[in-house]
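Asker: For what it's worth, the numbering used here labels the leading residue of the sequence shown as 462, then goes sequentially. Even for Gly, the Cβ is constructed at its ideal location relative to N, Cα and C.
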Amino acid sequence: MTNSHSGTVSVINTYTNTVFGCPIPVGDDPGAVTTDALRGGAYVPNGGSDTVSAIDTNTNTALGAPIPVGDGPGGLALGR
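1. Can you find the residues in the same chain that come closer than 8 angstroms, C-beta to C-beta, to Thr469, ignoring five residues on each side of it along the sequence?
2. Using beta-carbon positions only, say whether Leu539 and Pro506 come within less than 7 angstroms of one another.
3. Does any C-beta atom of chain B lie closer than 7 angstroms to the C-beta of Leu499?
4. For Thr512, which of Val472, Ile473 and Pro527 has the nearest alpha-carbon?
5. Grouping DSSP H, G and I as helix and E and B as strand, with all else coil, what is Tyr504?
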């Protein structure tokens, strides 16, 4: 779940409907999370900072610095 005002992502435990761990810092104004179950990753477009953040879903940590992309990213599509 993205927290647009704080520039973070929260992980939700869907079995207990509770927040798991601490929020993960991403970028300004994060958008919808796109997941890649095969690679154990999630990607978040940060519309306010013109970046995309990669998250390791096994450790719930950001993978390095956000990736600079075009102006105001709002969505993602993954290819194989």
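Answerer: Let me spell this out:
1. Thr463, Pro484, Ile485, Pro486, Val487 and Pro491
2. no
3. Annotation note: the requested chain B is absent from the structure, which comprises a single protein chain.
4. Pro527
5. strand
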